[in-house]
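Chemist: Residue numbering for the sequence shown follows full-length UniProt numbering, beginning at 1 and increasing consecutively. By construction, the Cβ of each residue, glycine as well, lies at the ideal position given by its N, Cα and C atoms.
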Amino acid sequence: MFYLELVDRGEYSNYWGEQVETPIFGGNSVSLDAVMPIRRFKQLRQSFCFQCVEVNDANHDQAARIRPLLNLLRMTGPKYVSPGRNLALDEASVACRSKYGKLLIVYNPMKPTGKYHFRLYMLCCSTTWIPLNFRLHCQSDLTERLAGVTTQAEAQALSDELTVSSSMRQCVLEVVRPVYGTRRIINSDNYYTSVQLLDAMRLKGLYGRGTVRKSSARFPRHVVIEKNDCTRGTSRQAVSADRNTVAASWYDSAIVTVISNADASTLTSVTRQVRSDKRTFSPPTCIKEYNINMQGVDRLDQVRGRFSLADGHSFKKWYKKLGLALQRVLYAQVGTRTN
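Printed below as a string of structure tokens:
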């Protein structure tokens, strides 16, 4: 299957039989007939599975067919690596239009990989891009998702603790669970970040930094600057002594609002190309640090997109497509460690 992804010949039958490259290599055939017959390849491809699940009322996990692989990757992700202090939390997508996976497939027309896709909430190191943990967007209980990853008592305790939180904070706190108490900084965008989230992560021994929506609850409105009332490079900051949190707003090419409990309320310098000239601006420190450390998941997507098995093969069954994408996450993880 790796060879089929590296060498694009169209239909599967084009990889067997007489090949046009045979005379170029001195009569040595590059056909896959020497490996296995095409009939056996199709049988193996059809039998590709991770777990046989019986349909009954007791099974409520929508991702049960692929749960063993999910839990295996979640256990081995942070086990053999020591990530940096800054981590990036964002979502990744795996394009799929299978009619059998409607309950797990999300529609988003803005995604370049495909409008219909699986959504993975991923936590990656900001410097090495190594994935540390992730969660598949699906309907399931927390105890089911952590089965085999941690003890049942710990999973139940975490489930009871997160019951009072919103669904988004529950998702973030579950994904960052492997780094509890490490004093690392979680960088996230405005889809996840809120003042309440930073308070919750501080109780878990973590810091937070991220863009936030102007209408977010408890975000100080007097910090937000308006585009019509300022020029490029204008910034405004406010500090909460009770929460040890700084809120900042800066006008670059657009208005950027950031909240952080990991940075001081100081200014730094950046260089921007304005027409034919390079100009120096003074943004808040938290905004510059956010721009530097928020690219972990996006970089992993670039590595995962190279020679992706999921993009090179189509399946009717959704779990086969997702399984190949998760295997590519593992290969990217191993390759990054090796390099």
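Per DSSP, what are the beta-bridge partners of ASN86 in this structure?
Modeler: ILE185, per the DSSP bridge assignment.
Chemist: Could you tell me the distance, in whole angstroms, from the CA atom of PHE281 to the CA atom of GLY101?
Modeler: One C-alpha to the other measures close to 48 Å.
Chemist: Looking only at its own chain, which residues have a Cβ that is under 7 Å from the Cβ of LYS316, when we skip the five neighbours before and after it?
Modeler: Only SER98 and TYR100 meet the Cβ criterion.
Chemist: Would you kindly work out how many angstroms separate the C-alpha atoms of ARG218 and TYR207, rounded to a whole number?
Modeler: Those two C-alpha atoms are separated by around 18 Å.
Chemist: Could you check if TYR251 is buried or exposed, using at least 16 other CB atoms within 10 Å of its CB as the buried criterion?
Modeler: Looking at its Cβ environment, which holds 16 or more other Cβ atoms inside 10 Å, TYR251 is buried.
Chemist: Taking three-plus beta-carbon pairs below 8 Å as touching, is the stretch 182–202 in contact with the stretch 129–140?
Modeler: No, they do not touch.
Chemist: Could you name the residues of the same chain whose beta carbon sits closer than 7 Å to that of CYS170, not counting the 5 residues immediately before and after it, in chain order?
Modeler: Looking at the sequence shown, residue 170 is not Cys but Gln. Here the set comprises LEU162.
Chemist: By Cβ distance, which residues of its chain are closer than 6 Å to ALA88, with the 5 residues on each side in sequence left out?
Modeler: Here the set comprises CYS124, SER126, ASN187, MET294, GLY296 and VAL297.
Chemist: The alpha helix (DSSP H) that contains LEU210, what's its start and end?
Modeler: The sequence shown places Gly at residue 210, not Leu. Here GLY210 belongs to no alpha helix (DSSP H); instead the beta strand (DSSP E) covers 207–211.
Chemist: In the DSSP assignment, the beta strand (DSSP E) including LEU44 goes from what residue to what residue?
Modeler: Per DSSP, LEU44 belongs to no beta strand (DSSP E); it is in the alpha helix (DSSP H), 38–46.
Chemist: Starting from SER240, trace the beta strand (DSSP E) both ways and give me its first and last residue.
Modeler: Looking at the DSSP string, the run of the beta strand (DSSP E) that includes SER240 is 235–240.
Chemist: I need the DSSP call for CYS125, collapsed to helix, strand or coil.
Modeler: In this structure, CYS125 counts as strand in the three-state DSSP scheme.
Chemist: Looking at C-alpha atoms only, which residue of PRO178, ILE259 and GLU174 is the closest neighbour of ASN190?
Modeler: The shortest Cα separation from ASN190 among PRO178, ILE259 and GLU174 belongs to ILE259.
Chemist: Would you identify the three-state DSSP class for ALA147, choosing helix, strand or coil?
Modeler: ALA147: strand per DSSP, three-state reduction.
Chemist: Which same chain residues end up closer than 6 Å to ARG243 when comparing Cβ atoms and leaving out the 5 residues on each side of it in sequence?
Modeler: Nothing meets the Cβ criterion.
Chemist: Tell me ASN133's beta-bridge partners as DSSP assigns them.
Modeler: Paired residue(s): LEU123.
Chemist: If you reduce the DSSP assignment to three classes, tell me which class ARG97 lands in.
Modeler: Reduced to three states, the DSSP call for ARG97 is coil.
Chemist: Report yes or no: do three or more beta-carbon pairs, one from the stretch 61–72 and one from the stretch 141–158, lie closer than 8 Å?
Modeler: They touch, by the three-pair rule.
Chemist: Whole angstroms are fine: how far does the CA of CYS286 sit from the CA of ALA264?
Modeler: Approximately 7 Å between the Cα atoms of the pair.
Chemist: Do you know whose CA, among VAL176, ARG236 and THR211, lies nearest ARG202's CA?
Modeler: Among VAL176, ARG236 and THR211, the Cα nearest to that of ARG202 belongs to VAL176.
Chemist: With H, G and I counted as helix, E and B as strand and the rest as coil, what does DSSP make of LYS320?
Modeler: Helix, per DSSP.
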